[in-house]
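Visitor:
4 protein chains.
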Amino acid sequence: MLYLKNDYAEGAYPPILEALARTNLESTDGYGEDPHSKHARALIRAQCACPEAAVHFLSGGTQTNLCLIAHALLPYQAAIAADTGHICTHETGAIEATGHKAIAMPGVDGKLTASLIEEAVLAHPNHHMVEPKLVYLSHPSELGTLYKKAELKAIREVCSRYHLLLYLDGARLASALAAEENDLFLPDLAQLCDAFYIGGTKCGALFGEALVIPNRRLAEGFLYTLKQRGARLAKGRMLGIQFEVLMQGDTYQKLGEKANQMAAILREGLREAGCPFLVESPTNQLFPILPDALIGQLQQRYDFIIQQRTDESHQAVRFITSWATREEDIREFLSELPA
Amino acid sequence: MLYLKNDYAEGAYPPILEALARTNLESTDGYGEDPHSKHARALIRAQCACPEAAVHFLSGGTQTNLCLIAHALLPYQAAIAADTGHICTHETGAIEATGHKAIAMPGVDGKLTASLIEEAVLAHPNHHMVEPKLVYLSHPSELGTLYKKAELKAIREVCSRYHLLLYLDGARLASALAAEENDLFLPDLAQLCDAFYIGGTKCGALFGEALVIPNRRLAEGFLYTLKQRGARLAKGRMLGIQFEVLMQGDTYQKLGEKANQMAAILREGLREAGCPFLVESPTNQLFPILPDALIGQLQQRYDFIIQQRTDESHQAVRFITSWATREEDIREFLSELPA
Amino acid sequence: MLYLKNDYAEGAYPPILEALARTNLESTDGYGEDPHSKHARALIRAQCACPEAAVHFLSGGTQTNLCLIAHALLPYQAAIAADTGHICTHETGAIEATGHKAIAMPGVDGKLTASLIEEAVLAHPNHHMVEPKLVYLSHPSELGTLYKKAELKAIREVCSRYHLLLYLDGARLASALAAEENDLFLPDLAQLCDAFYIGGTKCGALFGEALVIPNRRLAEGFLYTLKQRGARLAKGRMLGIQFEVLMQGDTYQKLGEKANQMAAILREGLREAGCPFLVESPTNQLFPILPDALIGQLQQRYDFIIQQRTDESHQAVRFITSWATREEDIREFLSELPA
Amino acid sequence: MLYLKNDYAEGAYPPILEALARTNLESTDGYGEDPHSKHARALIRAQCACPEAAVHFLSGGTQTNLCLIAHALLPYQAAIAADTGHICTHETGAIEATGHKAIAMPGVDGKLTASLIEEAVLAHPNHHMVEPKLVYLSHPSELGTLYKKAELKAIREVCSRYHLLLYLDGARLASALAAEENDLFLPDLAQLCDAFYIGGTKCGALFGEALVIPNRRLAEGFLYTLKQRGARLAKGRMLGIQFEVLMQGDTYQKLGEKANQMAAILREGLREAGCPFLVESPTNQLFPILPDALIGQLQQRYDFIIQQRTDESHQAVRFITSWATREEDIREFLSELPA
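Chains as they are written, first to last, in this note's numbering: chain A, 1 to 339; chain B, 1001 to 1339; chain C, 2001 to 2339; chain D, 3001 to 3339.
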């Protein structure tokens, strides 16, 4: 069965395994205080052009989101997110479990806008309500869409006006960085966001995310939060070594490029087959709208997710490609579509 | 510098890396629903002689402790632990952060006893106080000591009498299983405990712990807890593959044996050099009492932890060995001790 | 200035003060274990025709909601509420602060429906999402509307089908019980709900709510929850004495009747003045739509809340009457409306 | 049966009821924004000689403690308290339920000392442990003892040295203020503490505590915390009116004086009867050590608490007097003691 279900169906980009093997018997300090983690941090700071940023390595996206948000907010403060945002939908209430409300706004193609954020702030004028304090974005969004630099700047502006922190979830950031239409690079994120993470799990790592916190005040005490939330690996170097590989040169972006190329072939083929799309996504997540009968037939051989019903005989599905997707598999899949 | 500081200074038992490399390009389901995780679960159930047990893989010890305890308790219930217990001392209040009190009792050589547990229960007679509901043991304890089967049975009895759940932290379980004086094996733990974990991080894995929950009712809904606490790896098979290796035959116990052999040489050498010990530990953690001057001298070349001051010129230190410790390093260390 | 802003602008229904004075120097047990609290519980059980119900007295509505919901849910479970529900809007994230998500569904005139509840359940099919477990209703709703008995029965049915608990917030229950169109009485609530509260603060008490828990299993351990959340008054009899007065005969309903009568005069007058209403409310909360200029003029002498803008020159406002509202004040207010 | 069990067995100091009756039909704003609450705040600020202090009224002691502590701490920070402190023993884990550890130190006659606090800080040197951030004192302590001004100054000093907040629980502050040996008055507390509360429930109010927060930065956003924790009464004036009475002139201290006088007669009588005491308490809580047989006999007619067993035939009991205790009852009680 071919996996079009997600971008974490395989292991790691092979040089990562080689690096783990090469360093296996080195004795180092634990908890991310080893030379590899330090080196990976330096590489990330350099790529972000932000020598002052704090950088921490965590095991997964939900963990990263809950640690950062729980760390950033006072007990009565809340995060603003698009209603399709991962923290609103697929984290089993992880944010609420740390005591905070996630205010869901009706996103536009999976994205927040500056005016939606302002609307959320104005709807919470007093202490009978939570105080909005952090904006959560996903880039790419859960619908595969991207923020343009101008959009992110407008969001930063509204955040500054209302004293909100801006946090960006980059679970699939490699795919964003490699997208043709992209104009937001790591130094932009470091300049505009108070915190963001560079996703590893979905972009070639065995597991792991690199949380970058350019806002030094926000970074204070974060090691306590990591330990308290069970997010600090004893053998922290496992994460450092992986990001040493990913952050070498343009490796990370190249892995995104590979995923995007596979998605482009798939997108093109679907379009040729006459499929409309739920949303235009320039990244490695595609949401074609297919007839129910075809879906049933494809499910025999392919594994993918049903996103939502669009009319009584059609549903949008989600296809995802990755650094490990093989072109021949995509071609074979497309050959099964009705002409 | 030689690490006597912990048992997580190196990478993984090499066959684990080989298995990761061998399986790297397989496409599998995520979140532990892959064939390797299923196989590892089957191996663990078989070794525990407990075909009904739920088995989950997590990334680290603090995470495992907080997930299980938060899952097990109602909001007003508390865990009972020895005052030296990991949850009381070295987890940055992780249990409290989930809303629960950890009741610290004065442990005996790092261990709880049936009568200490009863004392804790009787000291909380009404709803002006928390309700003790779970007993947390570490085996080996944080002082390297072991529970005898008779002791664990007595603890199980008091737990049953007072409707307490019994949970055992096996971060260094391999060392316990391999200890000469040990009479508690996996089937005993599965029979006597409501839940326990088989430590991977400190016993040869890159990272990872296998949580075994023989109590089926306690296991209900645990996937929700895992996801909510950020403890569910997307590429869950990373953990499954590692435990496939560790749980093959007597691999896990052999890794503990290796650590214990190195500790035995070290213990013997220290004893010959006339060192007293803070506590008699039959496992891979040793707590010799050394003069301050010698400690200062050793710290030049060796990395270890100061446990506590014992008199005005002596301190107990902690030396830990692992599956990766080399005999020549231990011999060289011993040769530096004053005759 | 005349208060049309809320139903808690005055002190208590005078016989309550008399009862407090009469009993002032009695020496009794604390924490609600006194004879007055016991008697009040007996009166409530009798009026609810539910001799088995647990009854607890708390200080306010937010406190009651958060105690019951935190008590009822496992950490990964959530409450379903109308988006206008008090727990979603005006409790500063109190439910989230206990770790739980409140799932907001788009209410119909402030009310949930059986099908909205089912929709919420079906949208949360697996452990990547919270598990809906409790339904929160307000009766009257925050828009003054009432559930009919048939509606509540349908909701009970869907709750039973999906193993949901049904909890009803009766902050203004007196007004509901006294409404002409009402067909839901205390015995109905006790039969259909797992828990509900009889509001005191907004219905004649100095402060206090009576939480009725017909579901005995849900009631277990609730004293622990009360104490832990700071909701247990040392002089618990203050609450018992007040409910002894309110639950004597038809006192409680009569206080609601008085509020409703004042609302009826106000509603009639507004209608005669040609005001449309945001929603048809048969209880003591009215939501007339007024021109901005008139609102500005009325605000000089009257205190009330702006509910929402309805078009560019009109807003819906909220007027509330109470047991203490004086007819002459309402008449005078109406006389100020333009003919 | 005579209540020597607590100081909340009766209603309110009668002028409080009179004030409630006198103001009953006034229409005022809710949530403590009424003129009575404002006046009460002004009286408290004046008595504290601290015109800048924030003052909030809450319903009870546990609620006050949990609100202030949850408000003051970051998620990984902890409170230091004596092991006999109310937050450690009799609040059903209320502090832990807000996510924070209470570090229990072995108190001296129920009191913390500057050196115990320093010891607690030094025992938590890094982020593997919680960060001590707030010191919780009770004055009088739970054993009836008092801090001297010099002791509180030393504690303030250690707090300032280690950046700790100092919070004082004054549940029975009236008794402290009225004690002969007392040298700590309201202006001292306002100067030395970051926050403290003036207890009403146990000192003549129907219910209610006045939380004083001289540290303006700590006070920021506290209304959010109050609302979120269910601690904000809609009819907030109920609390304001009561403190208007208590804070008029020396009323509050006089109520403490009355309680202390009754305790003095009782203490003297017990001493004459040859009773030793568990601890020397100059306030309204006494802890005489009585033979088991006498205790059994007294329990027939008197209600009091057993504090702890002191030897195999004796136990320390707790007797409490209040503003409402009658001298003839104390005399009669003493007459029952064996000569």
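For glycine and all other residues, C-beta sits at the position ideal for the given N, C-alpha and C. Since the model is a prediction, treat every value here as computed from it, not as a measurement.
For proline 1075 of chain B, count neighbouring C-beta atoms within 10 Å of its own C-beta (all shown protein chains included) and say buried if the count is 16 or more, exposed if not.
Guide: Locating residue 1075 of chain B in the second sequence gives position 75, where the first residue counts as 1. Label assigned to proline 1075 of chain B: buried.
Visitor: CB leucine 3058 of chain D to CB cysteine 3067 of chain D, shorter than 9 Å?
Guide: Here residue 3058 of chain D corresponds to residue number 58 of the fourth sequence, with the count starting at 1. Here residue 3067 of chain D corresponds to residue number 67 of the fourth sequence, with the count starting at 1. In contact: leucine 3058 of chain D and cysteine 3067 of chain D (Cβ atoms closer than 9 Å).
Visitor: With respect to the beta strand (DSSP E) encompassing proline 1291 of chain B, which residues constitute its N-terminal and C-terminal limits?
Guide: Residue 1291 of chain B sits at position 291 when you count from the first residue of the second sequence. Its beta strand (DSSP E) spans residues 1289 to 1291.
Visitor: Can you have a look at histidine 2163 of chain C and say buried or exposed, based on whether 16 or more other CB atoms are within 10 angstroms of its CB?
Guide: The residue labelled residue 2163 of chain C in the question sits at position 163 within the third sequence. Answer is exposed; the Cβ neighbour count stays below 16.
Visitor: State yes or no: is the C-beta of valine 3158 of chain D nearer than 8 Å to some heavy atom of the ligand PLP?
Guide: Among the components modelled here there is no ligand, and therefore nothing to report on the ligand PLP.
Visitor: First and last residue of the beta strand (DSSP E) that includes tyrosine 1136 of chain B?
Guide: The residue given as residue 1136 of chain B occupies position 136 in the second sequence. Where tyrosine 1136 of chain B is concerned, the enclosing beta strand (DSSP E) stretches over 1131 to 1138.
Visitor: Between C:Tyr2147, C:Ala2102 and C:His2127, which has its C-alpha nearest valine 2108 of chain C's C-alpha?
Guide: Reading the third sequence from its first residue, position 108 is the one you call residue 2108 of chain C. Here the closest residue by C-alpha is C:Tyr2147.
Visitor: So, does the region 3214 to 3221 of chain D touch the region 2210 to 2227 of chain C, judging by three or more C-beta pairs under 8 Å?
Guide: These segments do not touch.
Visitor: Using the Cβ count rule (16 or more neighbours within 10 Å means buried), how would you classify glutamate 209 of chain A?
Guide: Here residue 209 of chain A is taken as the residue at index 209 of the first sequence, counted from 1. Per the 10 Å Cβ criterion, buried.
Visitor: Could you tell me which residues DSSP puts in a beta bridge with histidine 2314 of chain C?
Guide: Against the third sequence, residue 2314 of chain C aligns to sequence position 314. C:Pro2291 and C:Asp2311, per the DSSP bridge assignment.
Visitor: Going by C-alpha to C-alpha distance, which of D:Ile3330, D:Pro3282, D:Thr3062 and D:Pro3288 sits closest to aspartate 3370 of chain D?
Guide: Here chain D comprises residues numbered 3001 to 3339, so residue 3370 of chain D is not present and cannot be evaluated.
Visitor: Does DSSP put histidine 3036 of chain D in a helix, a strand or coil?
Guide: Indexing the fourth sequence from 1 puts residue 3036 of chain D at position 36. Helix, per DSSP.
Visitor: For threonine 1321 of chain B, which residues in chain C fall below 7 Å Cβ to Cβ?
Guide: Numbered from 1 along the second sequence, position 321 holds the residue referred to as residue 1321 of chain B. Going along chain C, no residue has its Cβ under 7 Å from threonine 1321 of chain B, so there is no contact; the nearest lies around 38 Å.
Visitor: Am I right that glutamine 2253 of chain C and glycine 2200 of chain C are in contact with their C-beta atoms under 8 Å? What's the rounded C-beta distance?
Guide: On the third sequence, residue 2253 of chain C is found 253 positions in, with the first residue counted as 1. On the third sequence, residue 2200 of chain C is found 200 positions in, with the first residue counted as 1. Their Cβ separation, rounded to whole angstroms, is 14 Å, which puts glutamine 2253 of chain C and glycine 2200 of chain C out of contact at 8 Å.
Visitor: Please name the residue in A:Glu151, A:Lys149, A:Leu112 and A:Pro140 whose C-alpha comes closest to that of leucine 134 of chain A.
Guide: Counting from one through the first sequence, the residue named residue 134 of chain A turns up at place 134. It is A:Leu112 whose Cα lies nearest to the Cα of leucine 134 of chain A.
Visitor: Run through DSSP, which three-state label would alanine 83 of chain A get?
Guide: Numbered from 1 along the first sequence, position 83 holds the residue referred to as residue 83 of chain A. Checking the sequence shown, residue 83 of chain A turns out to be aspartate, not alanine. If DSSP states are grouped into helix, strand and coil, aspartate 83 of chain A belongs with coil.
Visitor: Starting from histidine 1163 of chain B and walking both ways along the alpha helix (DSSP H), at which residues does that stretch end?
Guide: Position 163 of the second sequence, counted from the start, is the residue given in the question as residue 1163 of chain B. Counting along the chain, histidine 1163 of chain B falls outside any alpha helix (DSSP H), and DSSP gives it neither H nor E.
Visitor: Report yes or no: is there a C-beta of chain D within less than 9 Å of the C-beta of methionine 2262 of chain C?
Guide: Locating residue 2262 of chain C in the third sequence gives position 262, where the first residue counts as 1. Not closer than 9 Å to any Cβ of chain D, the Cβ of methionine 2262 of chain C fails to qualify, so no.
Visitor: Tell me the DSSP secondary structure of phenylalanine 1196 of chain B in three-state form.
Guide: Along the second sequence, read from residue 1 onward, the residue named residue 1196 of chain B stands at position 196. Three-state result, phenylalanine 1196 of chain B: strand.
Visitor: Taking all protein chains shown into account, decide if glutamine 3307 of chain D is buried (16 or more other Cβ within 10 angstroms of its Cβ) or exposed.
Guide: As a first step, residue 3307 of chain D is located in the fourth sequence; it is residue number 307 there, counting from the start. Label assigned to glutamine 3307 of chain D: buried.
Visitor: Hey, proline 14 of chain A and asparagine 1024 of chain B are a contact pair by Cβ (cut 8 Å); roughly how many whole angstroms apart?
Guide: In the first sequence, counting from the first residue as 1, residue 14 of chain A sits at position 14. In the second sequence, counting from the first residue as 1, residue 1024 of chain B sits at position 24. Their Cβ separation, rounded to whole angstroms, is 7 Å, which keeps proline 14 of chain A and asparagine 1024 of chain B in contact under 8 Å.
Visitor: So, using beta-carbon positions, are histidine 1039 of chain B and alanine 3097 of chain D closer together than 9 Å?
Guide: Along the second sequence, read from residue 1 onward, the residue named residue 1039 of chain B stands at position 39. Along the fourth sequence, read from residue 1 onward, the residue named residue 3097 of chain D stands at position 97. Result no, Cβ atoms of histidine 1039 of chain B and alanine 3097 of chain D do not sit closer than 9 Å.
Visitor: For chain A, is any of its Cβ atoms less than 9 Å away from the one on alanine 3042 of chain D?
Guide: The count along the fourth sequence starts at 1 and reaches residue 3042 of chain D at position 42. Cβ-Cβ to chain A under 9 Å: no for alanine 3042 of chain D.
Visitor: When we look at the beta-carbon of arginine 3309 of chain D and count the other beta-carbons within 10 Å, is it buried (16 or more) or exposed?
Guide: In the fourth sequence, the residue the question calls residue 3309 of chain D occupies position 309. Label assigned to arginine 3309 of chain D: exposed.
Visitor: Counting only beta-carbon atoms, is alanine 2070 of chain C nearer than 9 Å to chain B?
Guide: One-based indexing of the third sequence puts residue 2070 of chain C at position 70. For alanine 2070 of chain C, the answer is yes, since a Cβ of chain B falls inside 9 Å of its Cβ.
Visitor: Are lysine 2235 of chain C and leucine 3206 of chain D closer than 9 Å when you measure CB to CB?
Guide: Here residue 2235 of chain C corresponds to residue number 235 of the third sequence, with the count starting at 1. Here residue 3206 of chain D corresponds to residue number 206 of the fourth sequence, with the count starting at 1. Result yes, Cβ atoms of lysine 2235 of chain C and leucine 3206 of chain D sit closer than 9 Å.
Visitor: Assuming histidine 1139 of chain B and glycine 1110 of chain B make a contact with CB atoms under 8 Å, what is their CB distance in whole Å?
Guide: Stepping through the second sequence from its first residue, residue 1139 of chain B is reached at position 139. Stepping through the second sequence from its first residue, residue 1110 of chain B is reached at position 110. 10 Å between Cβ atoms; not a contact.
Visitor: Quick one: complete beta strand (DSSP E) runs, 3+ long, within the region 2020 to 2067 of chain C?
Guide: Qualifying beta strand (DSSP E) stretches, in chain order: 2054 to 2058.
Visitor: Could you check how far apart the C-beta atoms of tyrosine 197 of chain A and threonine 64 of chain A are, in whole angstroms? I think they sit under 8 Å.
Guide: As a first step, residue 197 of chain A is located in the first sequence; it is residue number 197 there, counting from the start. As a first step, residue 64 of chain A is located in the first sequence; it is residue number 64 there, counting from the start. The Cβ separation is near 5 Å, so the contact holds.
Visitor: Would glutamate 142 of chain A pass as a contact of histidine 71 of chain A if the rule is Cβ separation under 9 Å?
Guide: Within the first sequence, residue 142 of chain A is the residue found at index 142, counting from 1. Within the first sequence, residue 71 of chain A is the residue found at index 71, counting from 1. Against a cut-off of 9 Å, the Cβ pair of histidine 71 of chain A and glutamate 142 of chain A comes out as no contact.
Visitor: For leucine 2152 of chain C and leucine 3233 of chain D, what's the separation of their Cα atoms in angstroms?
Guide: Your numbering for residue 2152 of chain C matches position 152 in the third sequence. Your numbering for residue 3233 of chain D matches position 233 in the fourth sequence. The straight-line gap from Cα to Cα measures roughly 30 Å.
Visitor: Report back the beta-carbon spacing between glycine 256 of chain A and serine 175 of chain A to the nearest angstrom; my notes put them in contact at under 8 Å.
Guide: Mapped onto the first sequence, residue 256 of chain A falls at position 256. Mapped onto the first sequence, residue 175 of chain A falls at position 175. Right, their Cβ atoms sit about 4 Å apart.
Visitor: Please look up how many angstroms separate the CB atoms of alanine 179 of chain A and aspartate 7 of chain A, rounded, as I've assumed it's under 8 Å.
Guide: To locate residue 179 of chain A, count along the first sequence from 1; it is residue 179. To locate residue 7 of chain A, count along the first sequence from 1; it is residue 7. Their Cβ separation, rounded to whole angstroms, is 15 Å, which puts alanine 179 of chain A and aspartate 7 of chain A out of contact at 8 Å.
Visitor: Once DSSP output is grouped into helix, strand and coil, what is the label at leucine 74 of chain A?
Guide: In the first sequence, counting from the first residue as 1, residue 74 of chain A sits at position 74. If DSSP states are grouped into helix, strand and coil, leucine 74 of chain A belongs with coil.
Visitor: Could you please tell me which residues of the region 1096 to 1129 of chain B, in chain order, have their CB closer than 8 Å to any CB of chain C?
Guide: Answer set for the region 1096 to 1129 of chain B: Thr1098, Gly1099, His1127 and His1128.
Visitor: In this structure, what does DSSP give as the bridge partners for glutamine 1253 of chain B?
Guide: Translated into the one-based positions of the second sequence, residue 1253 of chain B becomes position 253. In DSSP, glutamine 1253 of chain B forms no bridge with anything.
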